[in-house]
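Q: Take any residue in the sequence shown, note its place counting from 1, add 55, and you have its number in our numbering.
Note that CB positions come from ideal geometry on N, CA and C, so glycine has one too.
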Amino acid sequence: MKQIKKIVSIIIMLSMLLMLTSCMGKSAYEVAVENGYVGSASDWLASLKGDVGEQGVQGIQGVKGEKGDQGIQGIQGVQGEKGDQGIQGIQGEKGNQGEQGLQGEKGNKGDKGEQGIQGEKGDKGDNAAHANEKHTITYDANGGTLPEGVETSVKVNYGDVLTLPVPVRDNYTFEGWYTGTTVNDGKFTSVTPVTKTITLIARWKADTQYRLTYVTNGGNGLSPEYFDFDEVITELPTPVKAGFTFEGWYLDAELSSRVGYPLTLTQNIEIYAKWSTAYYYINFHTGCSATVDALHNVSGTSYDAFTAPENPEHSFMGWYLDSGFTQAVTYPFVPTSDVDLFAKWDDVYFTFSFVSNGGSYVGSKNYQSGLYIDSFPSPEKANHRFDGWYTDGELTNKATLPYKATEDMILYAKWIWVDPFADYTRISNYTQLQSITDLNGKYLLTANIDCRGMALPTLGANSSTPFRGVFEGQGYTISNFVLANSQYTGLFGYNMGTIRNLNLSSFTLSVQSITSTTYVGGIAGYNAGVIQKCSVTDASISVKLNVERRAGLICGENSGTIENCFADGDVSVTQLKDVNEWALAGGITATNRGTIKNCLVNAYVYSYGYKSAYGGKGEAALISATNEKTGKISNCLVLGTVEGGNNRRGDISGRNDSTIENCYKDANLVLTDPTHTYATAMSKANLSNAVFYSSSLKWDSTVWDWNFINLDNGTFPKLIQK
């Protein structure tokens with residue numbers, strides 16, 4: 056407490072000295088020297104320091120006070136926390152110079168105090184940046200007179216406030232000083248600080264105003280207006296009355312005394328509108344060849360509609376007041392001035408319906424009226440060339456392009472037959488069939504050929520000389536033929552081309568004297584191409600060899616595609632002695648490395664592997680004896696019997712290393728052990744329906760038809776071959 060009291064005493068003494076020096080314009084140190092102090096200013100300041108006091112508890116921040124009068128400057132205290140900015144106080148009057156104070160005794164030097172915590176940085180003073188800045192204030196009495204002795208302009212310091220003069224003006228009340236003459240200019244008061252050079256304008260309110268009442272005599276209503284007693288009126292509003300022209304304002308109801316300008320009111324008055332009948336014209340702009348006669352000398356007429364122009368190529372959308380068609384005419388319409396009206400049009404479209412006459416679907420299209428059509432849709436039709444659109448069903452009147460749309464139309468497609476086999480060689484008899492030599496050629500079977508037991512050459516003897524052409528059977532049948540024994544035995548020995556719509560019937564193949572791996576089939580010995588929509592019926596294939604042998608009713612081995620094919624017959628493969636080779640037999644093929652889908656088989660399949668040291672290597676199935684890793688079998692139906700195959704036997708495949716899906720079999724299918732089952736069993740009645748009604752099979756009804764064939768008292772679909 057002693058230390059605190061000592062510090063307070065020093066502060067009081069310094070405050071007194073500073074008060075004196077502020078009055079005299081001298082520092083406290085200078086006063087001390089004049090009173091006999093000897094020493095430097097720093098020693099003098101050190102002599103004022105007391106002992107170090109304990110750090111006091113930080114006081115609670117006080118409530119922000121009102122701005123007070125400017126006091127004398129105190130000594131610099133410890134920097135405190137940043138306080139709220141106070142309101143600037145009014146500058147006080149300069150005080151009288153005080154008497155010189157006595158020199159104080161030199162105090163003992165206090166111990167060095169501990170370093171205090173640094174306070175926050177204080178705000179910069181408001182006027183620090185504008186020290187010694189002055190501005191000119193100019194008074195504009197605006198018709199009034201300033202008080203005597205008041206200058207029209209004064210210079211003041213930045214931030215100072217003014218004692219504003221009060222001007223006077225006869226018949227007016229002073230409303231204050233403003234920074235401008237508009238309603239948005241602010242008022243300047245005696246507490247508004249000066250921050251820039253400015254002209255203050257006196258604002259007045261007249262002590263007397265008069266009312267001006269408008270009598271429009273049938274025109275639109277106008278509210279009364281009030282004018283100052285000495286206000287000069289140079290212009291009055293113009294009323295509006297439909298069908299009339301405004302002639303001016305009059306001072307009397309009889310319309311004999313016209314209002315003159317300038318006008319100054321000396322009392323409340325009424326003025327009267329004078330009208331004359333107006334005559335207008337209405338012009339119509341159609342924007343096309345159609346015309347609508349203009350209306351002249353129109354006066355006060357109300358219109359419920361105007362004449363609609365006609366244009367067959369466009370639809371009239373109404374009259375508009377502008378050429379940009381943004382403001383439509385509303386009815387009833389009464390013109391109040393000359394009017395130009397503009398017709399708005401919308402495009403008219405005609406519908407053209409297209410009858411493709413067996414070609415691809417086109418439907419209908421819309422074309423704008425009056426415009427020329429550069430092109431019509433081009434449909435497609437197999438084996439035909441499109442010859443254009445015609446306006447009649449008899450195809451006599453062609454719609455020639457460019458074609459102008461003037462009405463709804465139905466157009467009919469005309470087709471010209473194009474022979475898809477124009478570059479094919481025709482085969483219609485045995486001689487032509489056995490004379491085929493070009494293995495890359497295209498051939499068209501145009502008749503059934505009964506070979507009557509005569510031999511046919513194998514087309515494409517091996518993989519070095521395969522058949523790569525196209526053989527189109529058109530649903531015709533080659534029957535009663537004989538094929539020579541070879542490694543690749545079939546009508547096509549090694550096929551890498553396309554064979555479609557071909558039927559082979561009533562033939563027997565017996566292969567017994569080949570010394571290398573043998574591939575035997577009715578259509579092809581080996582298929583690496585495409586076999587589509589082909590059938591083998593009433594066929595018997597028998598292979599008895601000591602080497603590996605592979606036989607099927609369609610082909611011996613498949614690495615290509617076989618789809619939508621039908622096989623009906625017997626196939627058997629027998630191993631004659633104990634050798635380490637396979638005996639493979641299948642209703643479609645012996646080995647499948649490609650794709651087999653949508654096929655129907657009714658067959659007897661038999662294989663026998665000689666049982667001895669090698670255990671008998673025989674495999675048999677109604678689709679393929681083996682389905683290798685690259686093979687896929689799907690959507691097939693099988694009936695018949697599988698026997699032998701003393702190694703593996705199956706309904707779809709004896710051995711499957713890949714994919715078999717969505718296949719069905721007759722529930723009475725005969726399989727001798729051991730068996731491998733991959734098909735879903737059904738009765739014959741349900742099996743035939745499964746072809747068309749199963750969600751899995753979904754055979755194409757354009758390929759398979761219910762033109763029934765009879766398989767062991769079961770009814771099944773027949774191939775559609777074209």
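Is the CB-CB distance between K453 and Y427 below 8 angstroms?
A: The answer is no: Cβ separation not under 8 angstroms.
Q: Out of D447, F441, M464 and T492, which one is the CA nearest neighbour of W470?
A: Checked all of D447, F441, M464 and T492; the closest Cα to W470 is F441.
Q: What's the call for K588, buried or exposed, on a 16-neighbour Cβ count within 10 Å?
A: Looking at its Cβ environment, which holds 16 or more other Cβ atoms inside 10 Å, K588 is buried.
Q: Along the beta strand (DSSP E) that carries L694, what are the first and last residues, could you check?
A: Counting along the chain, the beta strand (DSSP E) containing L694 begins and ends at L692 to G699.
Q: Counting only the same chain and skipping the five closest in sequence on each side, list residues whose C-beta sits under 6 angstroms from that of P387.
A: Correct list, in chain order: S357 and D359.
Q: Using C-beta distances below 6 angstroms, list every residue in its chain close to F536, excluding the 5 sequence neighbours before and after it, in chain order.
A: Around F536: C506, L511 and F562.
Q: On the DSSP bridge assignment, give the partners of H190 in chain order.
A: In DSSP, H190 forms a bridge with V211.
Q: What residue from G414, G276, M737 and S344 has the CA that sits closest to C718's CA?
A: Answer by Cα proximity: M737.
Q: How long is the line joining the alpha carbons of K436 and S483, rounded to whole angstroms?
A: Approximately 27 angstroms between the Cα atoms of the pair.
Q: Compare the Cα-Cα distances from R648 to each of G577, I688 and S519 and report the closest residue.
A: The shortest Cα separation from R648 among G577, I688 and S519 belongs to I688.
Q: On a CA-only basis, which of Q264, N197, E188 and S208 is nearest G235? Give me that one, please.
A: The residue with the shortest Cα to Cα distance from G235 is N197.
Q: Starting from Y445, trace the beta strand (DSSP E) in both directions and tell me its first and last residue.
A: It spans H439 to Y445 - the beta strand (DSSP E) in which Y445 sits, taken as one unbroken run.
Q: I want to know whether the segment 683-697 touches the segment 640-658 - three or more CB-CB distances under 8 angstroms.
A: Yes: at least three Cβ pairs fall under 8 angstroms.
Q: Among the residues of its own chain, which have a CB less than 7 angstroms from the CB of Q382, if the five just before and after it don't count?
A: Y375 and L376, listed in sequence order.
Q: Could you give the DSSP three-state label for A740: helix, strand or coil?
A: In the structure shown, A740 sits in a helix (DSSP, three-state: H, G or I).
Q: Assuming the contact rule is C-beta atoms closer than 8 angstroms, V591 and L559 should be a hit. Round their C-beta distance to whole Å, please.
A: At roughly 5 angstroms, the Cβ-Cβ gap stays under 8 angstroms, so V591 and L559 are in contact.
Q: Please report the residue range of the beta strand (DSSP E) in which T532 lies.
A: From DSSP, the beta strand (DSSP E) with T532 extends over T532 to S534.
Q: Can you tell me whether R266 is buried or exposed? The criterion is at least 16 other CB atoms within 10 Å of its CB, across all chains shown.
A: Answer is exposed; the Cβ neighbour count stays below 16.
Q: What is the residue span of the alpha helix (DSSP H) that L488 lies within?
A: Unbroken alpha helix (DSSP H) run through L488: Y485 to Q489.
Q: Quick one: which unbroken alpha helix (DSSP H) runs of 4-plus residues sit fully inside the segment 213-277? Chain order, please.
A: Those alpha helix (DSSP H) runs which fall completely within the segment 213-277 and span 4+ residues do not exist here.
Q: Which residue or residues does DSSP assign as beta-bridge partners of D625?
A: DSSP lists S595 and Y659 as partners of D625.
Q: Nearest to E462 by CA position, among Q776, Y479, Y498 and T406, is which residue?
A: It is T406.
Q: For the putative contact between S370 and V403, defined by C-beta atoms under 8 angstroms, what is the C-beta separation to the nearest angstrom?
A: That belief holds up - the Cβ atoms of S370 and V403 are roughly 5 angstroms apart, short of 8 angstroms.
Q: Do G342 and W304 come within 8 angstroms of each other at the CB atom, strictly closer than that value?
A: No, they are not a contact pair.
Q: Provide the residue(s) that pair with Y479 in DSSP beta bridges, ordered along the chain.
A: Bridge partners of Y479: none, in fact.
Q: For a cutoff of 8 angstroms on Cβ pairs, would you count L726 as touching chain C?
A: The chain inventory of the structure shown lacks chain C, comprising one protein chain alone.
Q: Closer than 7 angstroms by C-beta to P457: which residues in its own chain qualify, once you throw out the five before and the five after it? Chain order, please.
A: Hits under 7 angstroms: Y427, I428 and D429.
Q: Does K137 come out as helix, strand or coil in the three-state DSSP assignment?
A: Unreliable positioning characterises K137 in this predicted model, as indicated by a pLDDT of 46, which lies under 50. The coordinate reading is nonetheless provided below. The answer is coil: DSSP assigns K137 none of H, G, I, E or B.
Q: What's the C-alpha gap between P772 and A734?
A: Those two C-alpha atoms are separated by around 19 angstroms.
Q: If you measure between the beta carbons of G836 and L608, is that distance less than 8 angstroms?
A: Since the first residue of the chain shown is 56 and the last is 777, residue 836 is not available in this structure.
Q: Suppose the cutoff is 8 angstroms on Cβ atoms and the five residues either side in sequence are ignored; what does the same chain contact list for V221 look like?
A: So the list reads P202 and F229, once near-sequence residues are dropped.
Q: Output needed for M372: all residues of its chain with C-beta closer than 7 angstroms, excluding positions within five of it in sequence on either side, in chain order.
A: Excluding residues within five positions, the ones whose Cβ falls inside 7 angstroms are K399, W400 and D401.
Q: Would you mind working out which of Y467, K210 and K260 sits nearest W232, comparing C-alpha positions?
A: Checked all of Y467, K210 and K260; the closest Cα to W232 is K260.
Q: For P434 versus G414, is the C-beta distance shorter than 8 angstroms?
A: Result yes, Cβ atoms of P434 and G414 sit closer than 8 angstroms.
Q: Find the nearest neighbour of G673 within the set D712, I707 and S627, judged by alpha-carbon distance.
A: Checking every option, the nearest Cα to that of G673 belongs to S627.
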